[in-house]
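J.: Here's a structure for you.
Protein chains in written order, with the working numbering: chain S, 1 to 146; chain V, 147 to 542.
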């Protein structure tokens, strides 16, 4: 999507584990070690049980489409329009959602299966991305299919 | 939460004066100048002198500080300074803070203002990306902006899409909200869209910004300022013009507001329910009123979808029925709950919720350019994404 692409801060105390996992091509979300609560957005303290013990838990990389928008008005040169932002609910933990971007205007429907893939955007930055999961007939979702 | 929190402030304070500048795309003057103009107009409208002002409350995103206005207006007796936010969540809360200051004896005449060069100066709704790296430090922008999710409009588009998925809401139903606001603006000489009618075909044919939201689903970036004077209901009786009694005020938010600047709201359990669902409960209880008692409403409309969601969250219709409700004409003049009678943020101007307070006062005074006959109560909301605020005004 262009070289001017804004890169995330990957060493923030609360969110660095997400990007560290992505560099290993793993999808991980922060969870409470004591009670298992999903801490997403990532945070060091569990508001459910009061524990400070948290872990970055690998998750399956499968989800379903919760919402989406086709961006038609460009706001940043690194993101030429149209592109589609997807909001994906994780299969393992539906209370956690992650955002992804798909070029163009893919045909989408609410609840459709989505799968993660990993996009390297800089030496130290890999972004988990989402695309429609292969249908039962084996047709693969293509992130660049417009 | 105290059960008797209602009686502690109900009807005890009033807005005795209102002031506004012109609304434009390029004011040609500073934020401070706009704030001075609106403040002087409000002070004059309240029948006061500058020296009578002993409290000032600002919005956290305003470029004008309390000391700026104290100095500029030559105030000598300001003993209460307050601030509220974030941004558009402030206006009703600022008035509530003035009520608290007055009832606790910390001030008698409080100036509440919002001033911004929202078009010619700092424009909101742009990309948060300033350097090569984005996010961190509790903003959580790093979890969104690198994917190209960069503006509030894109968040609201996700919410609108989800509402369409869950409830079958249509573009034509959503479009009734910008059309209602535009029709009110066409009768309001101060509205930026006064001379520009809008038809459903024009709404639907306008370019998409972030599907399913089109150009006219977005508010108007605006230069301008609004101010009001809050005082005790007793003192307000001496004012030259009818005052608007503050029936009740409230702030509140969802149990899972989510952290950060804005994007994490997409992690809320439901993105089709807004903080208004909580604020409404508190405010109605404090006011001793319900949705059926509200004659007219000024609903915070940074985007059309926020109005649709609020129609539901304020109980004017059931959850999910905002689309058919808007389509029924209920929100138009003559409907059961006319909204945004000055034109709202969508068609009058975006003074970050503050022009809604001013228009609310006009309605209960009986001086609106789109006067709702016999309007005795007006709901004014300052609530979109973050924990927000609202108030109910009634005629004196």
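Backbone N, C-alpha and C fix where the C-beta goes; we use that ideal spot for every residue, glycine too.
#1: Restricting to runs no shorter than 3 residues, where is the beta strand (DSSP E) found entirely within the stretch 170-236 of chain V?
#2: Using a C-beta to C-beta distance shorter than 9 angstroms, which residues of chain V count as neighbours of residue 20 of chain S?
#3: Applying the 10 Å Cβ sphere with the 16-neighbour rule, what's the burial state of residue 369 of chain V?
#4: Relative to the C-alpha of residue 55 of chain S, which candidate in S:112, S:31, S:26 and S:105 has its C-alpha closest?
#5: Does any C-beta atom of chain S lie closer than 7 angstroms to the C-beta of residue 297 of chain V?
#6: The alpha helix (DSSP H) spanning residue 419 of chain V covers which residue range?
#7: For residue 552 of chain V, which of helix, strand or coil comes out of DSSP?
#8: Determine the contact status of residue 130 of chain S and residue 103 of chain S, defining contact as a CB-CB distance below 7 angstroms.
#9: Can you list, in chain order, the residues of its chain with a C-beta nearer than 7 angstroms to that of residue 227 of chain V? Leave out the 5 residues immediately preceding and following it.
#10: Identify each residue in the stretch 410-444 of chain V for which the Cβ-Cβ distance to at least one residue of chain S is less than 8 angstroms, and report them in chain order.
#11: For the stretch 408-420 of chain V against the stretch 471-488 of chain V, do three or more pairs of beta-carbon atoms, one drawn from each stretch, fall closer than 8 angstroms, so that the two count as touching?
#12: Out of V:223, V:273 and V:315, which has the shortest C-alpha to C-alpha gap to residue 301 of chain V?
#13: At the 7 angstroms Cβ level, is residue 118 of chain S part of the contact set with chain V, yes or no?
#14: Confirm, please, whether the CB-CB distance from residue 473 of chain V to residue 322 of chain V is below 7 angstroms.
#15: Across which residues does DSSP place residue 90 of chain S in a beta bridge pair?
#16: If you run the structure through DSSP and keep just helix, strand and coil, what is residue 165 of chain V?
#17: Can you tell me which of the three DSSP states residue 132 of chain S falls into?
#18: Between the stretch 361-395 of chain V and chain S, which residues of the former have CB atoms less than 7 angstroms from a CB of the latter, in chain order?
#19: Let me see if you follow: with CB-CB separation under 7 angstroms, is residue 130 of chain S close to chain V or not?
#20: Check the Cβ of residue 97 of chain S against every Cβ in chain V and list those closer than 8 angstroms, keeping chain order.
#21: If we cut at 7 angstroms on Cβ distances, does residue 141 of chain S have a partner in chain V?
#22: Comparing C-alpha positions only, which one of V:264, V:199, V:235 and V:250 sits nearest to residue 173 of chain V?
#23: List, in chain order, every chain S residue whose beta-carbon is nearer than 8 angstroms to that of residue 278 of chain V.
#24: Around the Cβ of residue 63 of chain S, are there at least 16 other Cβ atoms within 10 angstroms (buried) or fewer (exposed)?
#25: Residue 125 of chain S to residue 33 of chain S, Cα distance in whole Å?
#26: Along the chain, where does the beta strand (DSSP E) that runs through residue 113 of chain S open and close?
T.: In this structure, then:
#1: 201-205 and 226-230
#2: Taking the first residue of the first chain as position 1, residue 20 of chain S is located at position 20. Those do not exist, as residue 20 of chain S stays about 13 angstroms from chain V at its closest Cβ, beyond 9 angstroms.
#3: Locating residue 369 of chain V in the second chain gives position 223, counting from the first residue. Buried: at least 16 other Cβ atoms inside 10 Å.
#4: On the first chain, residue 55 of chain S is found 55 positions in, with the first residue counted as 1. Answer by Cα proximity: S:31.
#5: In the second chain, the residue the question calls residue 297 of chain V occupies position 151. For residue 297 of chain V, the answer is yes, since a Cβ of chain S falls inside 7 angstroms of its Cβ.
#6: Within the second chain, the letter at position 273 stands for residue 419 of chain V. It is not in any alpha helix (DSSP H) - residue 419 of chain V carries neither H nor E in the DSSP assignment.
#7: Outside the modelled stretch of chain V, which goes from 147 to 542, sits residue 552 of chain V, for which no answer is possible.
#8: As a working mapping, residue 130 of chain S is identified with position 130 in the first chain. As a working mapping, residue 103 of chain S is identified with position 103 in the first chain. In this structure, residue 103 of chain S does not lie closer than 7 angstroms to residue 130 of chain S by Cβ.
#9: Along the second chain, read from residue 1 onward, the residue named residue 227 of chain V stands at position 81. Closer than 7 angstroms at the Cβ level, and outside the excluded window around residue 227 of chain V, lie 202 and 212.
#10: 410, 412, 413, 415 and 417
#11: no
#12: Locating residue 301 of chain V in the second chain gives position 155, where the first residue counts as 1. Comparing Cα-Cα distances from residue 301 of chain V to each of V:223, V:273 and V:315, the minimum goes to V:273.
#13: Reading the first chain from its first residue, position 118 is the one you call residue 118 of chain S. So, not an interface residue.
#14: Position 176 of the second chain holds residue 322 of chain V. Position 327 of the second chain holds residue 473 of chain V. It is a contact, given that the beta carbons lie within the stated cut-off.
#15: Sequence index remark: in the first chain, residue 90 of chain S carries index 90 (1-based). According to DSSP, which records beta bridges pairwise, residue 90 of chain S is partnered with S:63.
#16: One-based indexing of the second chain puts residue 165 of chain V at position 19. Reduced to three states, the DSSP call for residue 165 of chain V is strand.
#17: As a first step, residue 132 of chain S is located in the first chain; it is residue number 132 there, counting from the start. In this structure, residue 132 of chain S counts as strand in the three-state DSSP scheme.
#18: none
#19: For this step, residue 130 of chain S is matched to residue 130 along the first chain. No - not a single Cβ of chain V is within 7 angstroms of the one on residue 130 of chain S.
#20: As a position in the first chain, residue 97 of chain S is number 97, starting the count at 1. Under the 8 angstroms cutoff, chain V gives 412 and 413.
#21: Sequence index remark: in the first chain, residue 141 of chain S carries index 141 (1-based). Low local confidence applies: a pLDDT of 48 at residue 141 of chain S is under 50, so the model's placement there is unreliable, with the coordinate-based value given in what follows. No, its Cβ sits nowhere closer than 7 angstroms to a Cβ of chain V.
#22: Counting from one through the second chain, the residue named residue 173 of chain V turns up at place 27. The candidate whose alpha carbon is nearest that of residue 173 of chain V is V:264.
#23: Position 132 of the second chain, counted from the start, is the residue given in the question as residue 278 of chain V. In chain order: 6 and 7.
#24: Residue numbering aside, residue 63 of chain S sits at position 63 when the first chain is read from its first letter. Counting Cβ neighbours within 10 Å, residue 63 of chain S comes out buried, since at least 16 surround it.
#25: Position 125 of the first chain, counted from the start, is the residue given in the question as residue 125 of chain S. Position 33 of the first chain, counted from the start, is the residue given in the question as residue 33 of chain S. Using only the alpha carbons, I get a separation of about 27 angstroms.
#26: Looking up residue 113 of chain S in the first chain gives position 113. That run of the beta strand (DSSP E) goes 113-122.
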